[in-house]
Amino acid sequence: PNLLLMDEPTTHLDIWAIEGLILALQKFEGTLVFISHDVHFIRSLGTKVLHIVDGKVTAFAGDYDYYLQKTGAEENARAAVVAG
């Protein structure tokens with residue numbers, strides 16, 4: 075089995091390079107585990123979310139939007155933007 079671990083893979087890439095990376099990873103025949111703050115990247119590739127806080131892992135068997143819906147994180151993020 076193939077396993078690819080990536081930590082913030084889009085940090086120093088321009089939009090064209092990010093799109094190329096996404097296309098390549100969509101063809102990857104293995105397990106991809108990544109950490110990213112790039113919402114477009116996450117939405118393009120993420121099929122499960124592991125939320126890790128204070129050493130506690132919570133698994134969400136859905137994509138990023140499912141995770142946001144279940145945690146209310148999207149509403150909290152919007153409130154932070156409005157407040158700040």
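Remember, my numbering sits 74 above the position in the sequence shown when you count from 1.
We put the beta carbon where it would ideally sit given N, CA and C, even for glycine.
Owing to the predicted nature of the structure, the values given are computational and were not obtained by experimental measurement.
Locate the beta strand (DSSP E) running through residue i, then write down its first and last residues.
i: L106; result: 105 to 109
i: D81; result: 77 to 81
In three-state DSSP terms, what is residue i?
i: L87; result: coil
i: A133; result: strand
Of the residues the options, which one's Cα is nearest the Cα of residue i?
i: D88; options: H114, H125, V107; result: H114
i: I126; options: F134, Q100, G146; result: F134
i: L78; options: H86, A153, V123, E103; result: E103
i: N76; options: V107, I96, H86, T85; result: V107
i: I116; options: T105, I96, D128; result: I96
i: E82; options: G94, D112, E93; result: D112
i: Y141; options: E149, V131, V123, D128; result: V123
i: G136; options: L119, K101, Q100, G94; result: L119
i: M80; options: T105, I109, E93; result: I109
Quick check on the DSSP output: the alpha helix (DSSP H) that includes residue i runs from which residue to which?
i: D139; result: 138 to 145
i: F102; result: Note, F102: premise wrong, no alpha helix (DSSP H); not H, not E.
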